[in-house]
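> Protein chains in written order, with our numbering: chain A, 1213 to 1299; chain B, 244 to 341. Yeah, the Cβ is synthetic: ideal placement off N, Cα and C, and Gly gets one too. Owing to the predicted nature of the structure, the values given are computational and were not obtained by experimental measurement. Once you've had a glance at the structure underneath, I'll fire off some questions.
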Amino acid sequence: MNLNDIHVAVALVLLATMSVGLIRVAIGPTPSDRMMAAQLLGTSGIGVLLVLTRAIAVPALVDVALVFALLAAVAVIAFTRRRGGDS
Amino acid sequence: MTVGAWLSVGLLLIGVFFFVAGTVGLMRLPDRLSRLHALTKADNLGLGFLVLGLLAQAPGLSTGVTLVLIWLLVMLASAAGAHLIAKRALRGDGEDSR
Chain A
1213 MNLNDIHVAV ALVLLATMSV GLIRVAIGPT PSDRMMAAQL LGTSGIGVLL VLTRAIAVPA
1273 LVDVALVFAL LAAVAVIAFT RRRGGDS
Chain B
244 MTVGAWLSVG LLLIGVFFFV AGTVGLMRLP DRLSRLHALT KADNLGLGFL VLGLLAQAPG
304 LSTGVTLVLI WLLVMLASAA GAHLIAKRAL RGDGEDSR
C-alpha cells in the first residue's frame, strides 16, 4: 500500500462525508442549517482537492482550492446579509 | 515508507477523523447553535490537520505557502461565518423566525 493509495482513500472518505452532509442541506429545518451544511461541503471540497493534488499529481488543483476558500467566505457573508422579504 | 511519510499519513487520518466527527455532529446534534459548534471544529481542525499532513511532503516552498494560506483563509472565513450565522439565528430575523 503506497502513499497514493492512502491519499485516494482519504479523498473518498471526505467525499462520503460530503454526501452525508447533503442530507442536512435537504432536511435542515432552517435556512441557517442549510448554509452551515453548505459551508462544511465547501471545506470538505477544499480538503478533497488538496489531497487529490498529491494523488493524481496535478499541482494546479492547489490554486483551485484557494479559489474555493475565497468564494466560500463570500457565500456565507452574502447569506447572512439577506433579509426575509427580498428573496 | 520513510518517517516523514508515516507522519504525513497520521496527520491526514487525524484530519479525516475531525471531518467525520463534524459531519456526525452536523447530523445528530439537536439544535442550531450546537450544530454550528460541531461545524467549526471540522473546518478549523480537520482542514488544519490535512494541511499539516500535506505540508510534511510538500514538493516546494511555494506549494507549502499556498497550503498554509488556504488554511488561514478558511479559518478566517469559518470564524467570521460562524459569528454571523449565530448572530442571525439569535436575532431571529429573516426566514429563521417562521
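1) Run through DSSP, which three-state label would GLY291 of chain B get?
2) Excluding the 5 residues preceding and the 5 following ALA299 of chain B in the sequence, name in chain order all residues of the same chain whose CB lies nearer than 6 Å to its CB.
3) If you draw a straight line from the C-alpha of SER305 of chain B to the C-alpha of PHE1280 of chain A, how long is it?
4) Of the residues that make up the region 261-272 of chain B, which ones have a beta carbon closer than 9 Å to any beta carbon in chain A?
5) CB-CB under 6 Å to LEU295 of chain B, same chain, minus the five flanking residues each way: which ones, in chain order?
6) Given that a residue counts as buried once 16 or more other Cβ atoms are within 10 Å of its Cβ, and exposed if not, what is MET1248 of chain A?
7) Look at the Cβ atom of PHE261 of chain B, then the Cβ atom of LEU1226 of chain A, and state whether they are nearer than 8 Å.
8) Using beta carbons (cut-off 8 Å, strictly below), is ASP1245 of chain A in contact with chain B?
Quick answer:
1) Collapsing the DSSP output to three states places GLY291 of chain B in a helix.
2) Answer for ALA299 of chain B: GLY247, LEU250, SER251, listed in chain order.
3) SER305 of chain B and PHE1280 of chain A: Cα-Cα distance of roughly 18 Å.
4) For the region 261-272 of chain B, the set of residues with a beta-carbon nearer than 9 Å to any beta-carbon of chain A comprises PHE262, VAL263, GLY265, THR266, VAL267, LEU269, MET270, in chain order.
5) Hits under 6 Å: LEU254.
6) Per the 10 Å Cβ criterion, buried.
7) No, these two residues do not count as a Cβ contact at 8 Å.
8) Interface residue, yes.
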